[in-house]
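Residue numbers (the numbering used here): 9 to 338.
To start, the structure under review is shown below, and the notes come after it.
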């Protein structure tokens, strides 16, 4: 009597296992397959952060007490609600003084291998400290900044909890760095495409990406930040500054830092992650539109004169790189 029961149960369990196996196989087969051999990488969706240091850094980033006349903050030139820029050719600092270069975006700056156009700051801590004492930016002195923050009980308490009470250029810069670590734009249409979702970008954007690789743009703009990880001469194929006919110390680029002749007109390659939203372009803010910037790059960096349609396709691709900024994202 037991044998038929055992046979029935065995048949039943085998059927269940077969059904589960088929369902699993079907589920696996419908999962998107990431594109793992591309020169551009998606921005990770999650990042480890120190929430307390982020909160302090957020306050300091928006704190006008860091400036000499208590009117300028980091956010004055780097508006995180406007893709990390102020949208001007040259930013205005303390007492209405104009800067000398275009303020680059702070979005995704954690992925840059160096900071500022000339790479003079090795990391975000050093970058955060620079503008405070720059006479045409925040125009302050560290002893004044430290005194103002020390006299604020809420700041004293925060620094006591996080830095054993040390309020210094290094601890201020470190806190701002932790906040800037959260200024990232995730889940862009192109990142979704890299993760295997074919319909995340349009056919025009796919054509633009193909051109981006075909023309050689990826030689400088690649990796997770689509740039920001190397230096390059402005005018690699055709001397740019010979035709630009300007005489600016800032045009010398990284030469101002190293004094090496090979660094003349060399700049950190900017990230293209939010480039569709950060006009005007280049270190001097001299180019007003993405269309013009692409044409200049094609000619002077790659030696190409591209068509109107190619330009439009490249613009469409660059627009697909823009992701979402989620305040306080971890």
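Yeah, the Cβ is synthetic: ideal placement off N, Cα and C, and Gly gets one too.
This one's a predicted model, so the numbers in the text were calculated from it and none came from an experiment.
Would residue i and residue j qualify as a contact pair, given that the criterion is a beta-carbon distance under 8 Å?
i, j, result
"residue 148", "residue 158", "no"
"residue 224", "residue 277", "no"
"residue 47", "residue 226", "yes"
"residue 56", "residue 193", "no"
"residue 126", "residue 241", "no"
"residue 98", "residue 110", "yes"
"residue 168", "residue 324", "no"
"residue 80", "residue 107", "no"
"residue 92", "residue 86", "yes"
"residue 220", "residue 311", "no"
"residue 163", "residue 118", "no"
"residue 116", "residue 279", "yes"
"residue 154", "residue 69", "no"
"residue 273", "residue 259", "yes"
"residue 49", "residue 195", "no"
Of the residues the options, which one's Cα is nearest the Cα of residue i?
i, options, result
"residue 329", "133, 291, 231, 82", "231"
"residue 179", "71, 65, 331", "65"
"residue 135", "114, 275, 70, 301", "114"
"residue 120", "265, 274, 268, 239", "239"
"residue 151", "318, 73, 250", "73"
"residue 285", "299, 273, 205", "299"
"residue 249", "67, 326, 292, 187", "292"
Pick helix, strand or coil for residue i, following the three-state DSSP scheme.
i, result
"residue 100", "strand"
"residue 240", "strand"
"residue 145", "coil"
"residue 158", "helix"
"residue 275", "strand"
"residue 48", "strand"
"residue 194", "strand"
"residue 189", "coil"
"residue 36", "Confidence is the limiting factor: at residue 36 the pLDDT is only 48, short of 50, which leaves the residue's position unreliable, though a coordinate-based value still follows. Helix."
Should residue i go down as buried or exposed, given a rule of 16 or more other Cβ atoms within 10 Å for buried?
i, result
"residue 133", "buried"
"residue 182", "buried"
"residue 322", "buried"
"residue 289", "buried"
"residue 233", "buried"
"residue 44", "exposed"
"residue 161", "exposed"
"residue 84", "buried"
Looking at residue i and the ligand GTP, is the gap between the Cβ and the nearest heavy atom below 7 Å?
i, result
"residue 111", "Absence of the ligand GTP from the depicted structure is noted, as is the absence of any ligand whatsoever, leaving it without description."
Three or more C-beta pairs closer than 8 Å, one from the segment 245-265 and one from the segment 49-63: is that the case here?
No contact exists between the segment 245-265 and the segment 49-63.
Can you confirm whether the segment 39-48 touches the segment 198-209 when touching is taken to mean that 3 or more C-beta pairs between the two stretches lie within less than 8 Å?
yes
Validate contact between the segment 299-314 and the segment 156-175 using beta carbons, cut 8 Å, 3 pairs
No: fewer than three Cβ pairs fall under 8 Å.
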